[in-house]
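Just add 46 to wherever you are in the sequence shown, counting from 1, and you've got the numbering used here.
Accompanying notes for the structure given below.
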Amino acid sequence: LVINTEWSAEVKIRLLIADDHVMFQETLSFWLRQHTDICIVGLAQDERIAVNLACDLRPDVVLMDVTPPGLRGIEAVREITHKAREVRVLVLSNDLRSQSVCDALCAGASGYVSKYRSADELVQAICCLAKEGTYIDPTIKSMIMCAQETPIRGRCCP
């Protein structure tokens, strides 16, 4: 758990990073701090801390890994988007199954990016969500389009 209270009004995007892999979280945090448009306001290593920090700090975007697969991460997305409606959740995951993407979006995530994409694309996604947009990784988007014709459709958002 790390909280950064030293941010200025000049910073455009306040970001909370939630990932259970400490080395990945620290590397991502270090890299994102190089972008002057982004201020890391907190780091969470589990879903409960992520929910609490999102509600307390009200970042613009929560960058969250919802894996390993299961409802804990998805439930955390749902809880954040319910308790802190103005906070946008961007899922960053290596789980590219269309059902996992649909579950995250139905839970309230505003975006989904594969961990296999470039860091520049991640920044683009964060900026998009901060402007109240949505962002779906292009690879995932094409998978979801294909999934619309399968039985999974009934479990996706309309």
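Yeah, the Cβ is synthetic: ideal placement off N, Cα and C, and Gly gets one too.
To the nearest whole angstrom, what separates the beta carbons of residue i and residue j, a pair I think is in contact under 8 angstroms?
| i | j | result |
| --- | --- | --- |
| Ile59 | Ile172 | 6 angstroms |
| Ala122 | Val97 | 5 angstroms |
| Thr113 | Gly119 | 7 angstroms |
| Gly159 | Ala150 | It is Val, not Gly, that sits at residue 159 in the sequence shown. Not a contact, Cβ separation roughly 11 angstroms. |
| Ser144 | Thr180 | Incorrect: roughly 17 angstroms between the Cβ atoms, too far for contact. |
| Leu61 | Ile84 | 5 angstroms |
| Lys161 | Ser188 | That belief does not hold up - the Cβ atoms of Lys161 and Ser188 are roughly 18 angstroms apart, past 8 angstroms. |
What does DSSP give as the partner residue(s) for residue i in the beta ladder?
| i | result |
| --- | --- |
| Arg60 | Cys85 |
| Arg134 | Val107 |
| Ile182 | Tyr158 |
| Ala171 | According to DSSP, Ala171 bridges with nothing at all. |
| Ala100 | Paired residue(s): none; Ala100 is not in a bridge. |
| Ala90 | Ala64 |
| Ser144 | Per DSSP, none; premise fails for Ser144. |
| Ser139 | Ser160 |
Using alpha carbons as the reference points, say which of the options lies closest to residue i.
| i | options | result |
| --- | --- | --- |
| Glu132 | Thr113, Gly119, Asp102, Asp141 | Asp102 |
| Ala153 | Lys129, Ile63, Gly88, Thr82 | Lys129 |
| Asp141 | Ser164, Ser75, Asp166, Asp111 | Asp111 |
| His81 | Ile63, Val169, Glu125 | Val169 |
| Leu74 | Lys177, Asp166, Pro184 | Asp166 |
| Ala64 | Arg94, Arg79, Phe76, Trp77 | Arg94 |
| Ser164 | Glu72, Val68, Leu78, Met69 | Leu78 |
| Glu178 | Val135, Arg124, Ile86 | Val135 |
| His67 | Asp92, Ile186, Ile86 | Asp92 |
The segment 160-178 touching the segment 91-108, judged by at least three CB pairs closer than 8 angstroms: yes
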